[in-house]
Amino acid sequence: MAMNIGANDVANNVGPAVGSRAMTLGGAIAIAAIFEAAGALIAGGEVVSTIKGGIINPATIGDVDTFIWLMTAALLAGALWLNIATALGAPVSTTHSIVGGVLGAGIAAGGFGIANWSTMGKIAASWVISPVLGGLIAATFLYIIKRTITYQPRMRQAARKVVPLLVALMAWAFATYLVMKGLKHIWKVGFGGAAAIGLGVAVVVFTLVRKLVARNADALPASKEGINRLFTVPLIFAAALLSFAHGANDVANAVGPLAAINEAIVHGGVVAKAGIPLWVMLVGAIGISIGLALYGPKLIRTVGSEITELDQMRAFCIAMAAAITVIVASQLGLPVSSTHIAVGAVFGVGFLREYLKTNYSAMIAEIKAHHEGAGQAEVDAFLNAFTKGTIKERGQMLRELKQRSDQDPTISKTERKGLKRVYKTELVKRTHLVRIIAAWLVTVPISALIAAFLYFTVRGMMLP
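Below you can see the structure in the form of C-alpha cells.
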C-alpha cells in the first residue's frame, strides 16, 4: 500500500514542477522521497485513526479475528486499486482508495448498517468540490499573473513589483498549511495561530525576495521565458513542503490498517485509535519512498506534462491552489482531496489557456475581416500595434474597430460567434480528462468490491 501511495499520490506534489522544467525528474524524486519520509517520521503522529474518517463503527465489530480480516482485506484492496490506477496512468485519491476498502470489507463483515452513510456523502461531495476549487483558484492566480506581469509592456519592471508579493503570499499559504496540516499530529494550532505564523514567514520572505528580484531582474530577458525563471526556486520549495505535509498526513492511509491489526493482536481488542510503533511508521515511510522511485515517473509525467503544457508560472499557480484550497476548505468545513485539488488545478490552468487562446485567435481573425480590402501593410501595422499594446490599449483599439463596424457592418454577431468556434484551441487533452474523472468516480466502489471479495476469501481461508 505504501509503495502504491508513493507511485500514485506523490506525483501531484512534484509533477507540475517537473513538467515546467523547474526540476529534473531525478531531482524531484530525490526531494520528494526525502521530504515524504521526513514528514511521516517527524510529524506522522504517534496515534492514528484505525477507521479512516469514521466511515464504519468499530464498536459493531466485537470479534477481534473479524476485525483483523476486515483490515487486511481493506489494505490489500486499496493497494490493488492504486496499482491498477497507476498502470492506467490515472492519479486517484489514496484516501478514497482506503476508504472504499474499509467500507467494502466492513459491509461484508457487518452488513450495510455498519457504514456511516452521512460521512460517505461528504466524501462523495469532495469528488466535485476538490477539483472545482483547485481549478478556480489556480486559474485565478494565472490570470492575475498574466494581467499584472506578462501582458504589461515593461515586464521586468512589473515583475519587480508583483513577484515578491506573489512569493510572499505563497510563503504565507505554505507556512499556514504546514502548521495546520503537516504538523497537526505533534503541534495543535488553530487557524488564527497558523495564519499569524504564516504572516511572519511571509514578511521575511517578501523582504528577501524583493532584494533578490531587484538585483537580478535587469539580467533577465524581457520576455515570458525570463520572468518564468523567477518562479523556479519557489517551485522547488513548494514541492518539498507539499511532500512533507503529504508524508505527515497520508502515511496514515498506509499504516493505519496495519497499526490497527497490530493493536488488535497485542491487546486483543478492537479500538478506534491505535498507537503506531516505530517499525510500522518505518514501513510506511520507506514504502512510499521506494514506490515513488520505482513507479512514480509515470504519474509524474502524466500530471506534469501530458494533461496540458506547463511552465513555471503555471506550475506556481497549481502549487498555490494546492495549499490555499486546503486552507479555505478547512475553514469552511468542506471535505477535499489533495489529489483532486492538484489535478483539478492542472485542468483549471489548461482550460484558462484554452479560453484566452481561442479569444485571441478569434480577435485576430475579426480584425482581419474588418480590414478586408485594405492593403496588407495597413493590416500588418494594425496587428503589430494590437499585439504590442497593453490590455487597456487593445481594448480601446477593439472599441474603435467596433464603432466603425457598427456604422459600416463588416462582420455580423453570428459570424463573430462562428469565428470563436473555428479558432477554438484545445490545450487540455480530453482523453486524459475522461480517464481521470472515470477513475475518480469508480475508486470507492471498486475498492469496496475488491475488499468485500478479499474479506470473504480471507475469512474462508481462516475459518475451520
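Residue numbers (the numbering used here): 24 to 487.
Backbone N, C-alpha and C fix where the C-beta goes; we use that ideal spot for every residue, glycine too.
DSSP, reduced to helix, strand and coil, places A138 within a strand of the structure shown.
Counting only residues of its own chain and dropping the five nearest sequence neighbours on each side, V212 has a CB closer than 6 angstroms to the CB of V202. Annotation for A97: I121, G124, V125, A128, P280, A474 place their beta carbon closer than 7 angstroms to its own, counting only its chain and skipping 5 residues before and after. Secondary structure of I469 (DSSP, three-state): helix. Counting only unbroken stretches of 3 or more residues, no beta strand (DSSP E) element lies wholly within the stretch 188-237. Inclusion of L156 and V359 in the CB contact set at 9 angstroms is warranted, their separation being smaller than that value.
By the beta-carbon neighbour count (other beta carbons within 10 angstroms, threshold 16), S116 is buried. Looking only at I469, V481, G483, the smallest Cα-Cα distance to N106 is reached by I469.
A342 places its beta carbon 9 angstroms or farther from that of P244.
Q335 has its alpha-carbon roughly 17 angstroms from the corresponding atom of V451. DSSP, read as helix, strand or coil, puts I79 in strand. Spanning the alpha carbons of G327 and A365 requires a straight line of approximately 11 angstroms. Within the stretch 100-159, the complete alpha helix (DSSP H) segments at least 4 residues long are 117-133, listed from N- to C-terminus.
Pairwise C-beta distances place the stretch 232-251 in contact with the stretch 177-196, as three or more of them are shorter than 8 angstroms.
About 6 angstroms separates the beta carbons of L322 and T109, which is inside the 8 angstroms limit, making them a contact pair. If you check the CB distance, L165 and C340 come in under 9 angstroms.
Looking at the backbone, the Cα of L206 and that of F214 are separated by about 13 angstroms. Minimum Cα-Cα distance from W104 among the listed residues L477, N80, I259, G77 corresponds to L477. In this structure, G77 sits near T142, with a CB-CB distance shorter than 9 angstroms. For the pair L305 and A30, the CB atoms are not nearer than the 9 angstroms cut-off.
Burial check for L301: the Cβ neighbour count within 10 Å stays below 16, so the residue is exposed. Annotation for R324: the continuous alpha helix (DSSP H) segment containing it runs 301-324.
Excluding sequence positions up to five before and after A308, its CB lies within less than 6 angstroms of the CB of A60, A63, L64, all in the same chain and listed in chain order. Put simply, the backbone Cα of I311 is about 36 angstroms away from that of I167. Counted as a single uninterrupted DSSP element, the alpha helix (DSSP H) harbouring A344 occupies residues 335-355. Rounded to whole angstroms, the Cβ separation of N36 and A262 is 6 angstroms, and the two are in contact under 8 angstroms. A straight-line Cα-Cα distance of about 18 angstroms links K247 and L188. Sequence-distant partners of H119 (beyond 5 residues in either direction) whose C-beta falls short of 6 angstroms from its own C-beta, in its chain, are T466, V467.
In this structure H269 is in contact with V33, their Cβ atoms being roughly 7 angstroms apart against a cut-off of 8 angstroms. In the structure shown, R482 adopts helical secondary structure according to DSSP, grouped into three states.
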